[in-house]
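Protein chains in written order, with this note's numbering: chain C, 28 to 145; chain S, 23 to 133. Even for Gly, the Cβ is constructed at its ideal location relative to N, Cα and C.
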């Protein structure tokens, strides 16, 4: 059974930083692309970033480009999202997803809440 | 790049069929067969219902089906049940500035 367990969500100040983690199990981590999708309170879904199975290709939404970095650790079966220069509009539940390719979201984690406020 | 366009809400009675539309452009839905549909109940994570326009993942009811015509994709739910009441989102691969684009979401009410 595919399981994605996010952690690292917290309250951060504007301009601050956070790192989200997503521990994956139930599938061959190196075979799947991984992504982050977020949902602001009461709003719809927004794709944030994706990384290929090999880690060689990374993609970002314009809203986070230059501020967020996606990475993965194959020894820990873990996906990361390093978030810098946080803004109030980054407040959202961040979901970790996986698929066969970078644009697929076949499986979702339960989400991790990031709140950016002073 | 604007989100895909979905109706804000749809409703139907138990046993009926409903269709949720998702309109994009020639850079996304019109060009690629990479349309997905997700169901989200309040306070829960989204769940994949359809991918690649009309493929149902294992475990998803046969009452859910998908189709596409031109720049518009559709999710069809037949034999509506109370448990189908949820928010539904479409998504598509895009050759635009972003890799993936989502619809704004549709609230389905089962009367």
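Check	Outcome
Between the stretch 74 to 93 of chain C and the stretch 112 to 132 of chain C, are three or more C-beta pairs nearer than 8 Å?	yes
Quick one: Cα of residue 54(C) to Cα of residue 28(C), how far?	8 Å
Express the C-alpha separation of residue 95(C) and residue 111(C) in angstroms, rounding to a whole number.	6 Å
Residue 61(S) bridges to which residues according to DSSP?	69(S) and 110(S)
If we require 3 or more residues per run, which beta strand (DSSP E) segments fall completely within the stretch 55 to 109 of chain C?	60 to 66, 72 to 78, 85 to 87 and 95 to 100
Just to confirm, is the Cβ distance from residue 64(C) to residue 107(C) under 7 Å?	no
Going along chain S in order, which residues have a C-beta closer than 8 Å to the C-beta of residue 28(C)?	What residue 28(C) touches in chain S: nothing, since even the nearest Cβ is about 11 Å away.
Assign residue 116(C) to one of three DSSP states: helix, strand, or coil.	helix
Could you give the C-beta distance for residue 130(S) and residue 108(S), rounded to a whole number, given that I count them as a contact under 8 Å?	6 Å
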